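Q: Input: one structure, supplied below.
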Amino acid sequence: MQKELLVSPQIFKQMLDNDEVKFVFDLRNEDDFKDGKVEGRYEFETLNIPQEDFVGEEERHLSKFPKDKPIITICAHGDSSKYTAEMLLEKGYDAQSLEGGIDLWTEYYETHKCTDDPEIYQIYRVARGCITHLLISDGEAVVIDAVRHTDKILKKVDELKAKVKYVFDTHLQADHISGGKEIADITGTNYFMNPIDAQNATFKYSHLKDGDTLSFGKCSIKVIHSPGHTPGSTSLLVNNKYLFTGDLIMKTSIGRPDLGGASEEWTRLLYDTLFSRYASLGDDVVIFPSHASSIKEQDNGVVTLTMGTARKESDLYQIKDFTKFLEYVNSSLPANPERYQEIRKVNLGIINPDEKKRKELEIGKNLCGMTKGT
Ligand SMILES: [Fe+2]
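Numbering (my numbering), first residue to last: 6 to 379.
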């Protein structure tokens with residue numbers, strides 16, 4: 006059967022999960038390619054030749070393409086990759102093009118149900134590894150760490166015939182633009198943040214306070230101040246068994262403590278959170294992180310771990326000496342993109358860029374975790 010020329014983001018994700026992607030030809034410029042290289046659960050070969058170097062020089066480059074593997078062509082918006090796939094097909098290669106390019110791919114979401122009581126859903130932005138949690142009990146909904154494409158979240162809330170009661174951001178996000186305030190405004194509910202992180206916010210918000218208990222449906226939410234990734238980072242413990250850590254503990258990394266500049270001070274906070282503030286949580290508590298570093302972290306679509314696993318497998322949990330802990334942190338910090346400072350300002354309402362700029366700010370996958378983790 007003749008393959009379709011265009012592969013939708015949904016089919017592309019299935020191909021990545023099924024080890025069907027073998028060779029990717031990426032026509033974006035080198036910087037964009039490096040910032041947001043497409044990764045999958047399985048390894049595959051990637052060739053990057055920027056479009057301007059490729060066009061007119063196709064024949065010279067043809068020997069770089071495999072004859073015995075399917076090729077997926079990718080570009081920024083899906084136009085040159087389509088043209089290139091057509092050209093490769095004519096030359097006898099097995100080629101398809103990613104529909105809509107990286108533009109559409111970075112806006113592709115999957116929703117996975119994690120538990121039944123309460124219903125917990127992960128709304129997962131695949132290319133960036135951002136996870137919004139939607140919790141529902143008795144028709145009442147809670148949204149944690151909303152992505153900026155709020156329609157994806159509100160559509161699910163409507164589908165489940167639920168009413169939003171609370172909207173939380175676990176911390177001042179630096180890697181992505183939060184949709185939390187927008188969801189709260191649209192649904193007429195309160196937007197909660199820790200005032201330490203939100204002190205420069207230009208809008209009104211409700212204060213997340215350590216030790217407070219809130220409820221929705223039949224569920225309780227205990228607020229636990231868990232600083233480190235940011236000074237105001239706050240975790241939410243639902244029914245004493247599900248812990249929403251934001252970026253404090255993720256599946257294969259711990260949240261970096263340097264995005265606001267005060268690295269050593271924030272590392273001390275991180276150390277205290279891991280070893281003291283979380284100390285009373287049982288090993289069977291299930292952690293729902295707000296980021297994944299790759300789709301390899303999905304297990305049947307879901308990204309979770311237990312407190313016990315984090316304690317056993319995270320490198321940082323093995324380092325009890327603070328000086329060594331600090332050294333380890335300092336040797337595990339990825340790049341700190343300049344755009345993260347701008348994103349923080351957007352999330353505080355200080356600047357309000359247009360859609361084009363918002364897209365630019367969210368280029369590439371999130372870098373909230375340390376490079377060495379669990
Ligand atoms: Fe973060």
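Idealized CB from N, CA, C, for every residue including glycine. Bear in mind the structure is a predicted one, so any value in this text is a computation, not a measurement.
Identify, in the order they occur along the chain, each residue of the same chain with its Cβ nearer than 6 Å to the Cβ of L140, setting aside the five sequence neighbours on each side.
A: The residue labelled residue 140 in the question sits at position 135 within the sequence shown. Cβ within range, chain order: P123, I125, V147.
Q: What is the DSSP secondary structure of Y276, counted as helix, strand or coil?
A: By one-based count along the sequence shown, residue 276 stands at place 271. Y276 falls in the helix class under three-state DSSP.
Q: Given that a residue counts as buried once 16 or more other Cβ atoms are within 10 Å of its Cβ, and exposed if not, what is I79?
A: Here the question's residue 79 lines up with position 74 in the sequence shown. By the 10 Å Cβ count, I79 comes out buried.
Q: Count the other CB atoms within 10 Å of the CB of T192; is the residue buried (16 or more) or exposed (fewer)?
A: For this step, residue 192 is matched to residue 187 along the sequence shown. With 16 or more Cβ atoms within 10 Å of its Cβ, T192 is classed as buried.
Q: Per DSSP, what kind of secondary structure is Q101 in: helix, strand or coil?
A: For this step, residue 101 is matched to residue 96 along the sequence shown. DSSP places Q101 in strand when its eight states are reduced to three.
Q: Alpha carbon to alpha carbon, what distance is there between F30 and S85?
A: For the purposes of this step, residue 85 is taken as the residue at position 80 of the sequence shown. For the purposes of this step, residue 30 is taken as the residue at position 25 of the sequence shown. Their backbone Cα atoms lie some 11 Å apart in a straight line.
Q: How about C373: is its Cβ closer than 7 Å to a heavy atom in ligand 1?
A: Taking the first residue of the sequence shown as position 1, residue 373 is located at position 368. C373: yes, Cβ under 7 Å from ligand 1.
Q: As a quick exercise: from S240, K96, D320, G260, pick the residue whose alpha carbon is nearest that of L213.
A: In the sequence shown, residue 213 corresponds to position 208, counting from 1. That would be S240, whose Cα lies nearest to the Cα of L213.
Q: Return the first residue and the last residue of the alpha helix (DSSP H) that S85 is part of.
A: Numbered from its first residue, the sequence shown carries residue 85 at position 80. It spans 84 to 95 - the alpha helix (DSSP H) in which S85 sits, taken as one unbroken run.
Q: Within the continuous beta strand (DSSP E) that includes N195, where are the two ends?
A: Here residue 195 refers to the residue found at position 190 when the sequence shown is read from its first residue. From DSSP, the beta strand (DSSP E) with N195 extends over 195 to 198.
Q: Would you list the one or two residues that DSSP bridges to D31?
A: For the purposes of this step, residue 31 is taken as the residue at position 26 of the sequence shown. Answer is N53, I79.
Q: If we count the other Cβ atoms within 10 Å of its Cβ and call it buried at 16 or more, is S225 buried or exposed?
A: Taking the sequence shown and counting its residues from 1, the one referred to as residue 225 is at position 220. Exposed, since its Cβ has fewer than 16 Cβ neighbours within 10 Å.
Q: Starting from H138 and walking both ways along the beta strand (DSSP E), at which residues does that stretch end?
A: Sequence index remark: in the sequence shown, residue 138 carries index 133 (1-based). Residues 135 to 142.
Q: Counting only runs of 4+ residues fully inside the stretch 266 to 339, write out the alpha helix (DSSP H) ranges in chain order.
A: Runs of the alpha helix (DSSP H) inside the stretch 266 to 339: 268 to 277, 312 to 318, 327 to 335.
Q: When DSSP labels each residue in this structure, what does T379 get in the three-state scheme?
A: Translated into the one-based positions of the sequence shown, residue 379 becomes position 374. Note that T379 scores 42 on pLDDT, short of 50, meaning its location in the model is unreliable and no value can be drawn from it.
Q: Take G222 and list the residues in its own chain whose beta-carbon comes closer than 6 Å to its own, dropping the five residues that flank it on each side.
A: Indexing the sequence shown from 1 puts residue 222 at position 217. If we look at G222 and ignore the five residues flanking it on each side, its Cβ neighbours are S142, D143, E145.
Q: Using the rule of at least 16 other Cβ atoms within 10 Å of the residue's Cβ for burial, across every protein chain shown, is L67 buried or exposed?
A: As a working note, residue 67 is residue 62 in the sequence shown. L67 should be labelled exposed.
Q: Would you identify the three-state DSSP class for G233, choosing helix, strand or coil?
A: One-based indexing of the sequence shown puts residue 233 at position 228. It is coil, neither helix nor strand.
Q: Can you tell me which of the three DSSP states T155 falls into?
A: Against the sequence shown, residue 155 aligns to sequence position 150. T155 falls in the helix class under three-state DSSP.
Q: Do you know how far the Cα of G134 is from the Cα of N371?
A: Here residue 371 corresponds to residue number 366 of the sequence shown, with the count starting at 1. Here residue 134 corresponds to residue number 129 of the sequence shown, with the count starting at 1. Those two C-alpha atoms are separated by around 7 Å.
Q: Within the present structure, is the beta-carbon of Q178 separated from the nearest heavy atom of ligand 2 by less than 7 Å?
A: Ligand 2 is not part of this structure, which contains only ligand 1.
Q: Is there contact between the stretch 301 to 320 and the stretch 282 to 293, where contact requires at least three CB pairs shorter than 8 Å?
A: Enough Cβ pairs lie closer than 8 Å, so yes.
Q: Beta strand (DSSP E) containing K256: first to last residue?
A: As a first step, residue 256 is located in the sequence shown; it is residue number 251 there, counting from the start. Segment: none, K256 is in no beta strand (DSSP E) and carries neither H nor E.
Q: At the level of alpha carbons, what is the spacing between K161 and I229?
A: The sequence position of residue 161 within the sequence shown is 156, counting from 1. The sequence position of residue 229 within the sequence shown is 224, counting from 1. One C-alpha to the other measures close to 27 Å.
Q: Using 8 Å for Cβ pairs, my map puts L321 next to I292. What's the rounded Cβ distance?
A: One-based indexing of the sequence shown puts residue 321 at position 316. One-based indexing of the sequence shown puts residue 292 at position 287. Contact flag wrong, Cβ pair sits at about 14 Å.
Q: Given a threshold of 16 other Cβ atoms within 10 Å of its Cβ, counted over all protein chains shown, does H296 qualify as buried or as exposed?
A: Start at 1 with the first residue of the sequence shown, and residue 296 comes out as number 291. So H296 counts as buried.
Q: Can you tell me whether DSSP reads G251 as helix, strand or coil?
A: The residue labelled residue 251 in the question sits at position 246 within the sequence shown. Looking at G251 - three-state DSSP - the assignment turns out to be strand.
Q: On the criterion of 16 or more Cβ atoms from any shown chain inside 10 Å, does H82 qualify as buried, or is it exposed?
A: As a position in the sequence shown, residue 82 is number 77, starting the count at 1. Flag for H82 reads exposed.
Q: Please classify G265 as buried or exposed, where buried requires at least 16 neighbouring CB atoms within 10 angstroms.
A: Within the sequence shown, numbered from 1, the residue matching residue 265 stands at position 260. Counting Cβ neighbours within 10 Å, G265 comes out buried, since at least 16 surround it.
Q: So, under 8 Å CB-CB, K157 and I128 are touching, yes? Tell me the CB distance rounded to an integer number of Å.
A: Numbered from its first residue, the sequence shown carries residue 157 at position 152. Numbered from its first residue, the sequence shown carries residue 128 at position 123. Right, their Cβ atoms sit about 6 Å apart.
Q: Consult DSSP for Y114 and reduce its assignment to one of helix, strand or coil.
A: The sequence position of residue 114 within the sequence shown is 109, counting from 1. In the structure shown, Y114 sits in a strand (DSSP, three-state: E or B).
Q: If we ignore side chains and look at the alpha-carbon of each, how far apart do T116 and N335 end up?
A: Translated into positions along the sequence shown, residue 116 becomes position 111. Translated into positions along the sequence shown, residue 335 becomes position 330. So the alpha carbons of these two residues sit roughly 35 Å apart.
Q: Let me confirm a value: A100 is counted as buried when at least 16 other C-beta atoms fall within 10 Å, else exposed. Which label applies?
A: Against the sequence shown, residue 100 aligns to sequence position 95. The residue in question, A100, is buried, as its Cβ has 16 or more Cβ neighbours within 10 Å.
Q: Could you tell me whether the Cβ atoms of K72 and Y98 are closer together than 8 Å?
A: To locate residue 72, count along the sequence shown from 1; it is residue 67. To locate residue 98, count along the sequence shown from 1; it is residue 93. Yes, the Cβ-Cβ distance between K72 and Y98 is below 8 Å.
Q: At a cut of 8 Å, does the stretch 163 to 170 reach the stretch 328 to 345 through at least three beta carbon pairs?
A: Contact fails: fewer than three Cβ-Cβ distances are below 8 Å.
Q: Quick one: is the Cβ of G306 within less than 7 Å of any heavy atom of ligand 1?
A: For the purposes of this step, residue 306 is taken as the residue at position 301 of the sequence shown. Every heavy atom of ligand 1 is 7 Å or more from the Cβ of G306, so no.
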